[in-house]
Amino acid sequence: MRTQRFDFGLEKISHRRVDDENHLPAEGKPAPVYLPDGLQLDELLALPSLDERLTRLLQPESLDAGLLEPRILSQTRKETSWAMQACAERAGGQGSAALSEAAAVFQEEARLDDEVRSFLAALLKG
6 MRTQRFDFGL EKISHRRVDD ENHLPAEGKP APVYLPDGLQ LDELLALPSL DERLTRLLQP
66 ESLDAGLLEP RILSQTRKET SWAMQACAER AGGQGSAALS EAAAVFQEEA RLDDEVRSFL
126 AALLKG
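Everything in the sequence shown is counted per the numbering used here, starting at 6 for the first residue and increasing by one.
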């Protein structure tokens, strides 16, 4: 297999005319120079990347620390399960199946919360 050179381009000028030097006007107003507006360019470059936007969308703006208390978290899971089940009954088709599955996951999590709480109470009781 034969490879070709990668350095294609202009190597030398073999023929030159004097008229080639006179392509610009000798006097007069120069043509306007195009320079991009710095502010607009900075705004474009400062746009967040896809990774930054996804990270920002996935992070909650405010998080209530009280939601992480075991009793409140368990109650929130139960209420979410009930809401999902109610939506599943109103929805139809694949949406209903997905919502029912989500409700079942929340019910299982709430059941596990109750189980952990009862085991912890038995352990502390001795």
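Note that beta-carbon positions come from the ideal geometry of N, C-alpha and C, so glycine has one too. In this text the structure is predicted, and so the values were computed from the model without any measurement.
- Message: Rounded to the nearest angstrom, what separates residue 84 and residue 56 at their Cα positions?
- Response: Position 79 of the sequence shown, counted from the first residue, corresponds to residue 84. Position 51 of the sequence shown, counted from the first residue, corresponds to residue 56. Residue 84 and residue 56: Cα-Cα distance of roughly 33 Å.
- Exposure label - residue 82; buried when at least 16 CB within 10 Å: The residue given as residue 82 occupies position 77 in the sequence shown. With 16 or more other Cβ atoms within 10 Å, it is buried.
- Query: Any idea what DSSP makes of residue 64, helix, strand or coil?
  - Reply: Taking the sequence shown and counting its residues from 1, the one referred to as residue 64 is at position 59. Here residue 64 sits in coil by DSSP.
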